[in-house]
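Residue numbers (my numbering), protein chains in the order written: chain A, 108 to 356; chain B, 6 to 281. In this text, a Cβ means the ideal position worked out from N, Cα and C, and glycines have one as well. In what follows, a structure is listed as structure tokens, so that the remarks can point back to it.
As structure tokens, then:
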């Protein structure tokens, strides 16, 4: 059996007495799109931050591409990338300058060519010479995605990739991510509370609540297990504290 | 997929290309706002003008200044060099805070010490932009050139830059630990050291009990050393070596505070949250 791209085991993150992540464990297989799904404060962003090495866990282990992220994060970081609406690009720099700097940080060989290709793909060519701070939410999301794809990542971590986007732009971003995964065989892990997005993109969903994974499975499995018609109803059922049928986990 | 060359470069413990990328980023920021560039020039030039006229007045009214006209002007410029080297480092650091960008930077292969090197390089550039034009302007205005100090000037410059960096590192560490509420440290901390550095007066002016504190600062050796050059024409090697030794201690302390604060920020999850 091939090694999973992500292997998380007994992961705990405490801030004083607050437990943000409470002993979770999961794997994500190569080439799949998985989601951490849960309400605010469920521990999704904390888990992503630990995977990226931005946050040190209290206990537990995290392996990405078979490497221990806590010990060898610099073996992992060149192969992954990240996008979040909560982390900005410097506002006064133009989009081109921002992308160029990140391309240099990743050691991208043909920077201008790579930026040009991504700008065409993500339809941001007219924005390249505009300051990043003067973009709309939708434009910022596409630019952030371009930054996240600069190093052709084998693993893409996305925190709420379509938050604050209009339905049309959100749909376009989802389509692009599907196409990217299909074309490159990359693995995607996203944190979201957008049910439609998760249903469309993901083959594996981990439902999080209060720092724990309370259920997991494919969107269809979860819908069947809870006897609901869509993932949103499953989410609400879990959020309101009703457990799944016996033996769900 | 990630190319093998890109992966190898990312795994390299040090990459000048990553340092250059960060330096380029700060240069883009500087270029994007001419008022900020102007501000770099503004204060040193203003200080030089005020103290230049003051020196001209005192030359005919004070035997102290009459003996060496540049004693005040030189002190102003060297103090500004210290302040600008510290501020040059902390302002570039604050740019990352203001733009909430640390979370993006540290998911790249960028190492904290590479970032630090780019901050130091930017400090040199900011000092050059700020202090050199003021020093050059003093030549036609007051017929005073700080460059006449010759090689000792280079020694003073090294000591003051290193001290400014040490303070800057500690201040950045403080801001990382306490968040943007501590931002004002960047502009205030150094002025607490001004009275003890004996910029315009000899250490003997201080009360006895304060003198050991003054001699614990590398800057005090620079200003005393400058007066030794201007009044006696001698370069105090002992002052220089002591100042360098103190600088090394301060740099070690500053870097330790910075890296501990960085690791602590990773433990607290502050790298993603830090910003305005």
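- Taking all protein chains shown into account, residue 73(B) has 16 or more neighbouring C-beta atoms within 10 Å of its C-beta and is therefore buried.
- Residue 39(B) counts as exposed, since fewer than 16 other beta carbons sit within 10 angstroms of its beta carbon.
- Restricting attention to alpha helix (DSSP H) runs no shorter than 4 residues, the stretch 88-154 of chain B encloses them at 107-110, 117-147, ordered along the chain.
- In the three-state reduction of the DSSP assignment, residue 224(B) falls in the helix class, which pools H, G and I.
- Residue 322(A) has a beta carbon lying at 8 Å or more from every beta carbon in chain B.
- For residue 183(B), there is no enclosing beta strand (DSSP E); the enclosing alpha helix (DSSP H) has its first and last residue at 156-183.
- Not one beta carbon of chain A lies nearer than 8 Å to the beta carbon of residue 118(B).
- Look at residue 69(B): its C-beta is not under 8 Å from any C-beta on chain A.
- It is roughly 15 Å from the alpha-carbon of residue 129(A) to the alpha-carbon of residue 158(A).
- When the alpha-carbon of residue 247(A) is set against those of 220(A), 232(A), 337(A), the nearest one is in 232(A).
- At least one beta carbon of chain A lies nearer than 8 Å to the beta carbon of residue 16(B).
- Shown in chain order are the members of the stretch 112-137 of chain B whose Cβ falls below 7 Å from a Cβ of chain A: 112, 113, 114, 115.
- Using a 10 angstroms sphere on the CB of residue 216(A), the tally of other CB atoms stays under 16, which defines it as exposed.
- According to the DSSP secondary-structure assignment, residue 238(A) is paired through a beta bridge with 201(A).
- Runs of the alpha helix (DSSP H) lying entirely within the stretch 229-306 of chain A, each at least 4 residues long, are 244-256, 274-291 in chain order.
- Closer than 8 Å at the C-beta level to chain A, one finds no residue of the stretch 206-233 of chain B.
- For residue 63(B), the CB contacts under 6 Å within the same chain, skipping 5 residues up- and downstream, are 70 in chain order.
- In terms of Cα proximity to residue 160(A), the closest of 115(B), 184(B), 254(B) is 115(B).
- At the C-beta level, residue 235(A) and residue 201(A) come within 8 Å of one another.
- Residue 138(B) and residue 186(A) have their alpha carbons spaced roughly 46 Å apart.
- Per the coordinates, the alpha-carbon of residue 244(A) lies some 21 Å from the alpha-carbon of residue 147(A).
- In this structure, 189(B) is the residue among 148(B), 37(B), 189(B) with its C-alpha nearest to the C-alpha of residue 95(B).
- Only 193, 194, 195, 196, 197, 198, 199, 200, 201, 204 from the stretch 192-204 of chain A bring a Cβ to less than 9 Å from some Cβ of chain B.
- Residues are counted here when their Cβ sits less than 9 Å from a Cβ of chain A; for the stretch 174-203 of chain B the count is zero.
- Not flagged as an interface residue toward chain B: residue 137(A), since no C-beta distance is shorter than 8 Å.
- Take the alpha-carbon of residue 155(B) and the one of residue 67(B): they are about 26 Å apart.
- Bounds of the alpha helix (DSSP H) holding residue 37(B) are 21-37.
- Within a 10 Å sphere around the beta-carbon of residue 58(B) sit fewer than 16 other beta-carbons, which makes this residue exposed.
- By the C-beta density criterion, residue 230(A) is exposed, having fewer than 16 other C-beta atoms within 10 angstroms.
- Taking all protein chains shown into account, residue 342(A) has 16 or more neighbouring C-beta atoms within 10 Å of its C-beta and is therefore buried.
- Residues of the stretch 89-102 of chain B with a Cβ closer than 9 Å to any Cβ of chain A, in chain order: 100, 101.
- Closest option to residue 190(A), judged by alpha-carbon separation, among 134(A), 241(A), 252(A): 252(A).
- Contact note: residue 34(B) reaches chain A through 197, 199, 200, using a C-beta cutoff of 8 Å and chain order.
- Remark: C-beta atoms of residue 149(A) and residue 313(A) do not approach each other more closely than 8 Å.
- A Cβ-Cβ distance of about 6 Å is found for the pair residue 194(A) and residue 105(B), placing them in contact under the 8 Å criterion.
- Shown here, residue 122(A) sits in a strand according to DSSP, grouped into three states.
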